[in-house]
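Working notes, structure below.
Residue numbers (this note's numbering): 4 to 506.
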């Protein structure tokens, strides 16, 4: 009698309630359509365009309100401080070596010529400054120099104070409004002239100390940036060689499971980010008109900015609503568990890579600036509101500025731009060639990143270049820790330089 084959029981169906199966089922049931992709793109670029438009409009309004008034440029003011620090302000270099350097200041504008006059009187004697000033008055009398009422007032005030300094007598104080106008137009040079004319030695000593500090700051800054620039060039060369030989290890992995969820998430976040800023500004205006006005200073705005940055990250609830598991979400956006300390060095390498790219961004920024000046007239120099807070605020303000710039901004912006948006762009272009997909993803995410910042259109290439470096860090390490470190170091270096120069 033959043995009957043993009956093999059918395999048990998978347990759909298990965590692995829930993840698989959730990821496979995410619905996306051309419409959801398109809607995400439209919202993201519309809000980004709105931010750029508002910044540009603000710059145009500031230019029109300035009218015929002129202001000394940051570059001219810094050059003047360096010359003063090298001469009477500290190092006591012979004036015959420094006077030729004054040509850096004179671009033909009235403010530049007056700055030249003021510094000439410091390097040599007030009499020589007055001699240079007389040539401006002669041109005005001859009709070869046409001045607006604001410029005439500026010339008169400088003349009054310079004659007082030359005579050795203390000048009468200018009315507050005119003194403030003089400071706005001539900056450091106005402070120097007012202190000299009033015989305020403490003010002169303070200006000398700040000028020397500015010089030392620029020297240290130059060493810092040059060192990282050279290191960044070396890192780029090494990465290119490794890539050409197929030895470059990239940890970023494509998985194609989220559809349009991440562009939806980014669209929700950028909309929320802008709306929260408007709400914060409206709240500040209301509170300034109330009995709480005494508490509404720059510190309030900075604390609110920090809170709203992290509040905007609530947009990350959307992928969970759409069916992506928490584990998958964290892995996709670069927040999976990782040894943070091992990512710090790659973060500094990422920062170094950004500096050579930054040079290219600066060159492109010059071109953009020339085009904008030709089309829309003279544009204001790129600036950030935080710079004003550093110059006017106390130590608490500076601490909060560091928290916003070096903690809040790197965390929130890296999560949304290099985490959420970059992941979506790489996934949606996964069928393209590698170099095209990388270029597309880096450029789109970097332009949007630059667009939400308040420095203006001319600064978009600069911020975009840094953002490309952060994308490289994300592609290389997959984790967001390296881009966050690079972002924090970049902002921290600029903030520290600003504190020592203007604080």
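Ideal placement from N, C-alpha and C gives every residue a C-beta, glycine not left out.
What is the DSSP secondary structure of residue i, counted as helix, strand or coil?
{"i": "residue 144", "result": "helix"}
{"i": "residue 419", "result": "helix"}
{"i": "residue 342", "result": "coil"}
{"i": "residue 91", "result": "coil"}
{"i": "residue 228", "result": "helix"}
{"i": "residue 73", "result": "coil"}
{"i": "residue 435", "result": "coil"}
{"i": "residue 206", "result": "helix"}
{"i": "residue 40", "result": "helix"}
{"i": "residue 496", "result": "helix"}
{"i": "residue 335", "result": "helix"}
{"i": "residue 449", "result": "helix"}
{"i": "residue 284", "result": "helix"}
{"i": "residue 377", "result": "helix"}
{"i": "residue 112", "result": "coil"}
{"i": "residue 256", "result": "coil"}
{"i": "residue 294", "result": "coil"}
{"i": "residue 35", "result": "coil"}
{"i": "residue 429", "result": "helix"}
{"i": "residue 201", "result": "helix"}
{"i": "residue 251", "result": "coil"}
{"i": "residue 261", "result": "coil"}
Would you check if the distance between the CB atom of residue i and the CB atom of residue j is smaller than 8 Å?
{"i": "residue 3", "j": "residue 359", "result": "The structure shown has nothing for residue 3, since the chain only spans 4 to 506."}
{"i": "residue 495", "j": "residue 409", "result": "yes"}
{"i": "residue 336", "j": "residue 483", "result": "yes"}
{"i": "residue 164", "j": "residue 197", "result": "yes"}
{"i": "residue 350", "j": "residue 237", "result": "no"}
{"i": "residue 262", "j": "residue 33", "result": "yes"}
{"i": "residue 339", "j": "residue 215", "result": "no"}
{"i": "residue 355", "j": "residue 234", "result": "yes"}
{"i": "residue 481", "j": "residue 331", "result": "no"}
{"i": "residue 364", "j": "residue 467", "result": "yes"}
{"i": "residue 392", "j": "residue 457", "result": "no"}
{"i": "residue 454", "j": "residue 51", "result": "yes"}
{"i": "residue 195", "j": "residue 160", "result": "no"}
Nearest by alpha-carbon distance to residue i: which of the options is it?
{"i": "residue 428", "options": "164, 113, 269", "result": "269"}
{"i": "residue 389", "options": "404, 375, 378, 398", "result": "404"}
{"i": "residue 3", "options": "78, 461, 87, 492", "result": "Summary: the structure shown does not reach residue 3, with the chain confined to residues 4 through 506, and so no result is reported for it."}
{"i": "residue 472", "options": "134, 493, 46", "result": "493"}
{"i": "residue 425", "options": "201, 192, 344, 256", "result": "256"}
{"i": "residue 73", "options": "138, 152, 455", "result": "152"}
{"i": "residue 370", "options": "343, 465, 36, 242", "result": "465"}
{"i": "residue 190", "options": "82, 308, 290, 39", "result": "82"}
{"i": "residue 311", "options": "290, 277, 302", "result": "277"}
{"i": "residue 259", "options": "431, 443, 58", "result": "431"}
{"i": "residue 218", "options": "131, 291, 80", "result": "80"}
{"i": "residue 103", "options": "433, 126, 46", "result": "126"}
{"i": "residue 97", "options": "123, 291, 334", "result": "123"}
{"i": "residue 348", "options": "309, 488, 448", "result": "488"}
{"i": "residue 418", "options": "292, 329, 220, 319", "result": "319"}
{"i": "residue 211", "options": "170, 141, 284, 95", "result": "95"}
Output the distance between the C-alpha atoms of residue i and residue j, rounded to the nearest integer angstrom.
{"i": "residue 48", "j": "residue 451", "result": "7 Å"}
{"i": "residue 459", "j": "residue 199", "result": "37 Å"}
{"i": "residue 479", "j": "residue 346", "result": "11 Å"}
{"i": "residue 179", "j": "residue 374", "result": "38 Å"}
{"i": "residue 463", "j": "residue 145", "result": "45 Å"}
{"i": "residue 64", "j": "residue 187", "result": "17 Å"}
{"i": "residue 266", "j": "residue 316", "result": "14 Å"}
{"i": "residue 148", "j": "residue 497", "result": "40 Å"}
{"i": "residue 279", "j": "residue 86", "result": "45 Å"}
{"i": "residue 135", "j": "residue 412", "result": "48 Å"}
{"i": "residue 182", "j": "residue 113", "result": "17 Å"}
{"i": "residue 299", "j": "residue 287", "result": "7 Å"}
{"i": "residue 24", "j": "residue 505", "result": "Here the model assigns residue 24 a pLDDT of 49, short of 50, so the residue's position is not dependable and the matter cannot be decided."}
{"i": "residue 242", "j": "residue 90", "result": "46 Å"}
{"i": "residue 274", "j": "residue 469", "result": "23 Å"}
{"i": "residue 499", "j": "residue 93", "result": "23 Å"}
{"i": "residue 400", "j": "residue 416", "result": "22 Å"}
{"i": "residue 154", "j": "residue 193", "result": "14 Å"}
{"i": "residue 76", "j": "residue 203", "result": "26 Å"}
{"i": "residue 229", "j": "residue 222", "result": "11 Å"}
{"i": "residue 490", "j": "residue 421", "result": "11 Å"}
{"i": "residue 474", "j": "residue 292", "result": "44 Å"}
{"i": "residue 37", "j": "residue 329", "result": "25 Å"}
Any beta-carbon of chain D closer than 8 Å to the one on residue i?
{"i": "residue 419", "result": "Any reference to chain D falls outside this structure, which holds one protein chain only."}
Heavy atom of the ligand ZN less than 7 Å from the Cβ of residue i, yes or no?
{"i": "residue 36", "result": "Absence of the ligand ZN from the depicted structure is noted, as is the absence of any ligand whatsoever, leaving it without description."}
- [ ] Mind listing, in chain order, the continuous alpha helix (DSSP H) runs of no fewer than 4 residues lying wholly within the stretch 116–195?
- [x] 129–145, 152–170, 179–189
Task: alpha helix (DSSP H) runs contained entirely in the stretch 457–488, provided each spans 4 or more residues - done: 463–480
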